[in-house]
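Asker:
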Amino acid sequence: MATRIDDDYQNLKKNVHTHVVERLDEGGIEVERVDAQQLHRFIQSTVDQYVSVNRIPLAMADHTMLVREMVDEVVGFGPLEPLLADDQVNDILINGARSVFVEIAGVLQKVQVRFIDDDHVLRIIRRILAPLGRRLDESSPMVDARLPDGSRVNAIIPPIALDGPSMSIRKFSSKHLTANQLVNMGSMTRECLDLLAGIVESRRNLLVSGGTGTGKTTILNLLSEFIPQDERIVTIEDSAELQLNHLHIVRLETRPANTEGTGRVTARDLIVNALRMRPDRVIVGEVRSGEIIELLQAMNTGHEGSMSTIHSNSAKDALIRIETLLAVNGYDAGERAIARLIGSSLDVVVQLTRLPNGRRLVSEVVALRPTNDDPYRMETLYRSSELDWLAPEDTGVAP
0 MATRIDDDYQ
10 NLKKNVHTHV
20 VERLDEGGIE
30 VERVDAQQLH
40 RFIQSTVDQY
50 VSVNRIPLAM
60 ADHTMLVREM
70 VDEVVGFGPL
80 EPLLADDQVN
90 DILINGARSV
100 FVEIAGVLQK
110 VQVRFIDDDH
120 VLRIIRRILA
130 PLGRRLDESS
140 PMVDARLPDG
150 SRVNAIIPPI
160 ALDGPSMSIR
170 KFSSKHLTAN
180 QLVNMGSMTR
190 ECLDLLAGIV
200 ESRRNLLVSG
210 GTGTGKTTIL
220 NLLSEFIPQD
230 ERIVTIEDSA
240 ELQLNHLHIV
250 RLETRPANTE
260 GTGRVTARDL
270 IVNALRMRPD
280 RVIVGEVRSG
290 EIIELLQAMN
300 TGHEGSMSTI
310 HSNSAKDALI
320 RIETLLAVNG
330 YDAGERAIAR
340 LIGSSLDVVV
350 QLTRLPNGRR
360 LVSEVVALRP
370 TNDDPYRMET
380 LYRSSELDWL
390 APEDTGVAP
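Position 55 of the sequence shown, counted from 1, bears residue number 54 in numbering that gives the first Met the number 0, the numbering being contiguous throughout.
This is how it looks when you write it as structure tokens:
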């Protein structure tokens, strides 16, 4: 990731890039049609010539770095290339031209990566979005999309983004963690793993709850491994991330509206359709809106063993958040009826936590045991011993 971020080098990079693009245009060279090695040689000779003619004093290491960065600018994603290639990086966060952060092993850190200016950031964002056919301009200043490799990208530009173009990339990894790896990493105990396996095999309706970056999708992937292979699964996601190793699976993905404002397909639409597809289980990547109504009704009407995730800091908060989602999305029922629907639909909540050192942890597994007096009565099936020395605000779990 090492690079120079001083102004002199950034100005040189900007001038060299302009020169390289001009030479490509003059030669009628179409980047997409040229052999990669041939293009690399052309860019190297063009950079060499520019540095020589302009008598620019440049150390050999800086010269080599400049050539590499010009190749990345022309055929790749510029300063982001080394971050995208680094398997340790999970998230890339660009906050304008001079502020780039990454998440490694659950910890955010600023990196020595810099764009030339806001126009440079915008050019790279548009290059990333171009193959997706997504529009990003002042009339449509926000985009949320999935890249061909499964990574998720969100971009927002001025005037909405006050400090310049901003982009976040959550990288997709085709290597999902196994049960043994999660146990060895300390994310859960063997006791917890066996408990979760039994919950899934006994077809309990399950909700994985946790804050941002706590590993909800990872745990949902793990839980799916315990679903018998003779069952039919339908998954519904906004951005396809689940990697279920199953014989009989149908994957569905929502679709945003097109530039004319039509053609949108929501998670709620897909759940309604999924119930007509004879699923044994429905798995929803995340509930965040009106789809919660259909999911709870599916759980209550014969689709036992269904699962989803929700952003929440505790199991009790997860239930309260579901109440809120039902209310704001037009579920017309009294508080007690809503509580009974939730209590009779959900069986288990798996709560996840990210510790101060960045490690992700299954902090608690609770079963819902509703009564007439308390539709949200909970029984703790598992609680991580690692929570004993942490303050409640660090765990999201009530003492």
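Yeah, the Cβ is synthetic: ideal placement off N, Cα and C, and Gly gets one too.
Every value quoted in this text rests on a predicted model; they were computed, and no experiment measured them.
Given a threshold of 16 other Cβ atoms within 10 Å of its Cβ, counted over all protein chains shown, does K174 qualify as buried or as exposed?
Answerer: So K174 ends up on the exposed side.
Asker: For the beta strand (DSSP E) that A366 lies in, which residues bound it at each end?
Answerer: Start and end: 359-367.
Asker: Return the bridge partner residues of H310 from the DSSP annotation.
Answerer: In the DSSP output, where bridge partners are listed per residue, H310 has G209.
Asker: Is it true that the segment 134-154 meets the segment 321-332, where meeting means three or more beta-carbon pairs spaced less than 8 Å apart?
Answerer: Not touching, per the Cβ criterion.
Asker: Let's see if you can read the secondary structure: which residues bound the beta strand (DSSP E) around T45?
Answerer: Segment 35-52 is the alpha helix (DSSP H) holding T45; no beta strand (DSSP E) there.
Asker: What separation, rounded to the nearest whole angstrom, lies between the Cα atoms of T17 and T45?
Answerer: Straight-line Cα distance between these residues: approximately 11 Å.
Asker: Looking only at its chain, what residues have a beta carbon closer than 8 Å to the beta carbon of T258, apart from the 5 residues adjacent to it on each side?
Answerer: Closer than 8 Å at Cβ, skipping near neighbours: R134, S139.
Asker: Thinking S208 and L295 are a contact (beta carbons under 8 Å), I'd like their distance in whole angstroms, please.
Answerer: Wrong, their Cβ atoms sit about 15 Å apart, outside the cutoff.
Asker: Give the straight-line distance between the Cα atoms of L23 and N10, rounded to the nearest whole angstrom.
Answerer: Approximately 20 Å, taken between the alpha carbons.
Asker: Go ahead and pull the three-state DSSP assignment for K174.
Answerer: DSSP places K174 in coil when its eight states are reduced to three.
Asker: When you compare the CB of P157 with every CB in chain C, is at least one pair closer than 8 Å?
Answerer: Annotation note: the requested chain C is absent from the structure, which comprises a single protein chain.
Asker: Run the CB neighbour count on R280, radius 10 Å, all protein chains shown included, and call it buried at 16 or more, exposed below.
Answerer: Buried, because 16 or more other Cβ atoms sit within 10 Å of the Cβ of R280.
Asker: Let me make sure I understand the geometry here. Which of V30, D85, V88, R97 has the alpha-carbon closest to that of M69?
Answerer: It is V30.
Asker: Tell me which residue opens and which closes the beta strand (DSSP E) that N89 is part of.
Answerer: Its beta strand (DSSP E) spans residues 88-94.
Asker: Whose C-beta lies closer than 7 Å to the C-beta of G357 among residues of the same chain, with five residues either side of it excluded?
Answerer: Counting only Cβ-Cβ distances below 7 Å, and skipping sequence neighbours, we find A104, G105, V106.
Asker: Over what stretch of residues does the alpha helix (DSSP H) that includes M298 continue unbroken?
Answerer: Per DSSP, M298 belongs to the alpha helix (DSSP H) from 290-299.
Asker: Can you give the beta carbon distance from T234 to I282, rounded, assuming they're within the 8 Å contact cut?
Answerer: Right, the Cβ-Cβ distance comes to about 5 Å (below 8 Å), so this counts as a contact.
Asker: Can you check the segment 75-139 for any alpha helix (DSSP H) of at least 4 residues that lies completely inside it and give the ranges in chain order?
Answerer: Runs of the alpha helix (DSSP H) inside the segment 75-139: 80-84, 117-128.
Asker: Taking all protein chains shown into account, do 16 or more other C-beta atoms lie within 10 angstroms of the C-beta of P398, making it buried, or fewer, making it exposed?
Answerer: Per-residue confidence for P398 stands at a pLDDT of 49, beneath the threshold of 50, marking its modelled position as unreliable; the derived number appears in the next sentence. It counts as exposed.
Asker: Would you say the segment 72-79 touches the segment 55-64, given that touching needs at least three Cβ pairs under 8 Å?
Answerer: Verdict: no, contact absent.
Asker: DSSP on E334, reduced to helix/strand/coil?
Answerer: Reduced to three states, the DSSP call for E334 is helix.
Asker: State yes or no: is the C-beta of V88 within less than 8 Å of the C-beta of K170?
Answerer: Yes; because the gap between Cβ atoms is below 8 Å, this pair is in contact.
Asker: Along the chain, where does the alpha helix (DSSP H) that runs through V15 open and close?
Answerer: That run of the alpha helix (DSSP H) goes 6-25.
Asker: By the 10 Å Cβ neighbour count, where 16 or more other Cβ atoms means buried, how is S384 classified, buried or exposed?
Answerer: S384 is exposed by the Cβ-count criterion.
Asker: Compare the C-alpha of V249 against each of G260, P164, L274 and name the closest.
Answerer: Nearest option by C-alpha distance: L274.
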